[in-house]
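Peer 1: Input: one structure, supplied below.
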Amino acid sequence: MLQENFTLLIELLGTVAFAMSGSFAAMQKRLDPFGVLIIAFITSVGGGTVRDLLLDVPVFWMHNMLMCSVIFVTSIFSMVFKSLEKKFKVTLFIFDSFGLGLFTIVGIQKGLSADLHPLICLTLGTITGCFGGIIRDILLNRIPLIFRKEIYATACIIGGSAFLLLVKYSSLKYVIVQVFTILLIVAIRTLAVKYHWQMPKFYDAEQNGEM
Amino acid sequence: MLQENFTLLIELLGTVAFAMSGSFAAMQKRLDPFGVLIIAFITSVGGGTVRDLLLDVPVFWMHNMLMCSVIFVTSIFSMVFKSLEKKFKVTLFIFDSFGLGLFTIVGIQKGLSADLHPLICLTLGTITGCFGGIIRDILLNRIPLIFRKEIYATACIIGGSAFLLLVKYSSLKYVIVQVFTILLIVAIRTLAVKYHWQMPKFYDAEQNGEM
Amino acid sequence: MLQENFTLLIELLGTVAFAMSGSFAAMQKRLDPFGVLIIAFITSVGGGTVRDLLLDVPVFWMHNMLMCSVIFVTSIFSMVFKSLEKKFKVTLFIFDSFGLGLFTIVGIQKGLSADLHPLICLTLGTITGCFGGIIRDILLNRIPLIFRKEIYATACIIGGSAFLLLVKYSSLKYVIVQVFTILLIVAIRTLAVKYHWQMPKFYDAEQNGEM
Chain A
1 MLQENFTLLI
11 ELLGTVAFAM
21 SGSFAAMQKR
31 LDPFGVLIIA
41 FITSVGGGTV
51 RDLLLDVPVF
61 WMHNMLMCSV
71 IFVTSIFSMV
81 FKSLEKKFKV
91 TLFIFDSFGL
101 GLFTIVGIQK
111 GLSADLHPLI
121 CLTLGTITGC
131 FGGIIRDILL
141 NRIPLIFRKE
151 IYATACIIGG
161 SAFLLLVKYS
171 SLKYVIVQVF
181 TILLIVAIRT
191 LAVKYHWQMP
201 KFYDAEQNGE
211 M
Chain B
1 MLQENFTLLI
11 ELLGTVAFAM
21 SGSFAAMQKR
31 LDPFGVLIIA
41 FITSVGGGTV
51 RDLLLDVPVF
61 WMHNMLMCSV
71 IFVTSIFSMV
81 FKSLEKKFKV
91 TLFIFDSFGL
101 GLFTIVGIQK
111 GLSADLHPLI
121 CLTLGTITGC
131 FGGIIRDILL
141 NRIPLIFRKE
151 IYATACIIGG
161 SAFLLLVKYS
171 SLKYVIVQVF
181 TILLIVAIRT
191 LAVKYHWQMP
201 KFYDAEQNGE
211 M
Chain C
1 MLQENFTLLI
11 ELLGTVAFAM
21 SGSFAAMQKR
31 LDPFGVLIIA
41 FITSVGGGTV
51 RDLLLDVPVF
61 WMHNMLMCSV
71 IFVTSIFSMV
81 FKSLEKKFKV
91 TLFIFDSFGL
101 GLFTIVGIQK
111 GLSADLHPLI
121 CLTLGTITGC
131 FGGIIRDILL
141 NRIPLIFRKE
151 IYATACIIGG
161 SAFLLLVKYS
171 SLKYVIVQVF
181 TILLIVAIRT
191 LAVKYHWQMP
201 KFYDAEQNGE
211 M
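Each protein sequence line maps, in turn, to chains A, B and C.
Going letter by letter, the first sequence gives residues 1 to 211 in UniProt numbering.
Going letter by letter, the second sequence gives residues 1 to 211 in UniProt numbering.
Going letter by letter, the third sequence gives residues 1 to 211 in UniProt numbering.
So, in structure tokens, the structure goes:
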């Protein structure tokens, strides 16, 4: 019961975080209020929707007015207090990182409940965490965040792996593993941005070439 | 029976309208005939496909050769009479608006049949109306229509809300509510383009900034 | 039994081919290793995933660790031996064409097993063959290959039609029809690129105009 409530809570917090990040990105591209609402919605539910379609379980927001209302209220709030973005840029970045961590762990848990192989669960976690933002960036015609300098999917994959290993091999309480791995994802991403960590990249000899 | 036939008719008309708009957009980007056919298909069925996947009901065109044949014939017709586009630019715009209105109402109806909350139905209607065009624009590398100046999703949402309110609270015949709200969506969009209506937008202080 | 094994084999070969093409495209865009892995995965499974969602059957890679391991190993291999790309450009092109042919036929077969109309099966085959590459190109912000000069979807559609006709009207062994039509798709695409075959295109009078 406590367990269930905690999972719902992290799903809600992740939704608020992503709805905010979607709203601000849409306002920066000067969409009208309905456009902002649509982008906030897609950013929040995109990853989880793809995950639920893949798992062939009911799509989580279709029967969940709480989730939809939260997105709606968050989006309106972001539009009204849009000046917040500049004042709280750091706060928003941390929010977005929490969304990433929260959604990754929720995705992995849904995969585990469906008795899937840990690597497939890790894939589902990464999809849940990253796809909302990828679709947002494609719609807004931005270079997908996941492919820019910041460590994003990498944080997902490392945190998700830690979660799977700790659940399987440690004797820690489940809720502690959840909190620890979410904080791990937030920490990796925050430190990566602060200290300009980058994964090594592949350079093409013909740097101007296009296939 | 009459009811069912009418719904099928509006679905077919919307399909023709969107297949035309997809074909002409693809020809403008100078795709070859098969490319035009593929874009016409995706524009017509894209929104309804996403809706049916979300509802977990059989995807409407998979067992419906009528729908596929209509798209095929419309696309061939558009390729043969491509000069029509310039002569009938206004007609085509109205067609596209009808497609939007027709598909929005079909989407809402499918949501209502699945006993979903009205706001979820409105979301499904907006998805059915707008997603085909969004996918078309992403594939053709155009700025998604929905995010350009024209009122598009806004027309969807206003018309869809009117439909839901009238179905619930008015004593009008169902078919009259259908026709009225479809015409309302067409009217909003047409008047918006004619008189350059725009929703207010959010301007960023750093107008050249990119997050 | 032999039949089943052969189908599995062609699915695996197609997966290797597409995972390679995805990895090399991602390395050209200088993604980090996890980004390369994600693009390789999406390119390989994208088309089949959309097909399985449309058919409402379990998504093929969710319970198939073999497929996922093959993609993982292929992607690592491509990153380690990335210099191979330049030396074996022609080999890689042929691999990609084989992927296209293999996946098209697998898609049609899955449609036939679900008792769908031949034209719907052809659509599913085209989706299985082409969508992985389309999604890859959208994510990497390249002009989708399918809409560039090369004959791509056209090869799919011609080969797929031949497959359907031969299965229905010829007395050839099934496996021979499979091999022949896969080679036909590879041949059409290879010859098209070698001899600069193009489908006729539609030119707009206002060549600089944008709708």
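Heads up, the beta-carbon is just placed ideally off N, CA and C, and yes, glycines get one too.
Keep in mind that this is a model prediction, so the values were computed, not measured.
With three or more C-beta pairs closer than 8 Å as the rule, is the region 117-129 of chain C touching the region 47-61 of chain C?
Peer 2: By the C-beta criterion, the region 47-61 of chain C is judged to be in contact with the region 117-129 of chain C, since at least 3 inter-stretch pairs fall below 8 Å.
Peer 1: Less than 8 Å between the CB atoms is what I'm expecting for B/V16 and B/T74, so what's the real figure, rounded?
Peer 2: 5 Å
Peer 1: Interface residues of chain B around A/C130 at Cβ under 8 Å?
Peer 2: The premise fails here: A/C130 is roughly 17 Å from chain B at the closest Cβ pair, so nothing lies under 8 Å.
Peer 1: Does the beta carbon of A/D137 sit closer than 8 Å to a beta carbon anywhere in chain B?
Peer 2: no
Peer 1: Ignore the nearest five residues each way along the sequence and tell me which others in C/V36's own chain have a CB closer than 7 Å to its CB.
Peer 2: S23, A26, M27, S75, M79
Peer 1: Let me see if you follow: with CB-CB separation under 8 Å, is A/D32 close to chain B or not?
Peer 2: yes
Peer 1: If contact is defined by three or more beta carbon pairs under 8 Å, each pair taking one atom from either stretch, is the region 61-69 of chain B in contact with the region 95-105 of chain B?
Peer 2: Because the criterion of three Cβ pairs below 8 Å is not met, the region 95-105 of chain B and the region 61-69 of chain B do not touch.
Peer 1: Can you tell which of C/V106, C/G133, C/G132 has its C-alpha closest to the C-alpha of residue 220 of chain C?
Peer 2: No answer is possible for residue 220 of chain C: the residues shown for chain C start at 1 and end at 211.
Peer 1: Answer with yes or no whether the minimum CB distance from A/P144 to chain B is below 8 Å.
Peer 2: no
Peer 1: To the nearest angstrom, how far is it from the Cα of C/G160 to the Cα of C/A153?
Peer 2: Our two residues, C/G160 and C/A153, have alpha carbons roughly 10 Å apart in a direct line.
Peer 1: Of the residues that make up the UniProt domain "Glycine transporter" (9-82) of chain A, which ones have a beta carbon closer than 8 Å to any beta carbon in chain C?
Peer 2: L53, L54, L55, D56
Peer 1: Roughly how many whole angstroms lie between the Cα atoms of B/L55 and A/R51?
Peer 2: 15 Å
Peer 1: Using 8 Å for Cβ pairs, my map puts A/A19 next to A/I94. What's the rounded Cβ distance?
Peer 2: So it is not a contact: roughly 15 Å between Cβ atoms.
Peer 1: Consider the C-beta atom of A/I71 and the heavy atoms of the ligand FMN; say whether any pair is separated by less than 7 Å.
Peer 2: The ligand FMN is not part of this structure, which contains no ligands at all.
Peer 1: Any Cβ of chain A within less than 8 Å of the Cβ of C/I94?
Peer 2: With respect to chain A, the C-beta atom of C/I94 has no partner C-beta closer than 8 Å.
Peer 1: Hey, which unbroken runs of the alpha helix (DSSP H) at 4 residues or more fall wholly within the region 167-192 of chain C?
Peer 2: None, since the region 167-192 of chain C contains no complete alpha helix (DSSP H) of that length.
Peer 1: Under 8 Å, do B/I108 and B/L183 count as touching if we go by C-beta distance?
Peer 2: no
Peer 1: Going along chain A, which residues have a C-beta under 9 Å from B/A153?
Peer 2: D32, F34, G35, L37, I38
Peer 1: Could you tell me the alpha carbon to alpha carbon distance between B/I188 and A/G132, rounded to whole angstroms?
Peer 2: Computed Cα separation, rounded: 31 Å.
Peer 1: In terms of residues, what are the limits of the alpha helix (DSSP H) holding B/V73?
Peer 2: Residues 65-80.
Peer 1: What are the boundary residues of the alpha helix (DSSP H) that includes B/K110?
Peer 2: From DSSP, the alpha helix (DSSP H) with B/K110 extends over 89-113.
Peer 1: Quick one: residues in its chain with C-beta nearer than 8 Å to the C-beta of B/V177, no 5 flanking neighbours on either side, listed in chain order?
Peer 2: So the list reads F163, L166, V167, S170, once near-sequence residues are dropped.
Peer 1: Taking Cβ-Cβ distances shorter than 7 Å, what residues in chain B pair up with C/H117?
Peer 2: Residues of chain B whose Cβ lies closer than 7 Å to the Cβ of C/H117 are, in chain order, M65.
Peer 1: Beta carbons nearer than 8 Å to chain B: which residues of the region 152-182 of chain C have them?
Peer 2: A153, T154, I157
Peer 1: Mind listing the chain B neighbours of C/I105? Cutoff is C-beta to C-beta under 9 Å, in chain order.
Peer 2: Taking a Cβ-Cβ threshold of 9 Å, none of the residues of chain B is close to C/I105; the smallest such distance is about 18 Å.
Peer 1: Contact defined as beta carbons within less than 8 Å: I believe C/C156 pairs with C/T104. What is the distance between those atoms, to the nearest angstrom?
Peer 2: 5 Å
Peer 1: What do you get for B/P144, buried or exposed, if any count of 16 or more other CB atoms within 10 angstroms of its CB means buried?
Peer 2: Classification of B/P144: buried, given that the 10 Å Cβ count is 16 or more.
Peer 1: In the DSSP assignment, find the unbroken alpha helix (DSSP H) run with B/R136 in it and report its ends.
Peer 2: 118-139
Peer 1: Please state whether DSSP places B/L31 in a helix, a strand or coil.
Peer 2: coil
Peer 1: Note down the Cα distance separating B/L119 from B/L112, rounded to an integer number of angstroms.
Peer 2: 10 Å
Peer 1: Would you check if the distance between the CB atom of B/I42 and the CB atom of B/I134 is smaller than 8 Å?
Peer 2: no
Peer 1: Residues of chain C with a CB under 8 Å from the CB of A/I185: which are they?
Peer 2: Near A/I185 there are no residues of chain C at all, since even the closest Cβ is about 14 Å away, more than 8 Å.
Peer 1: Should A/K29 and A/L140 be called a contact, given that it needs their Cβ atoms to be closer than 8 Å?
Peer 2: yes
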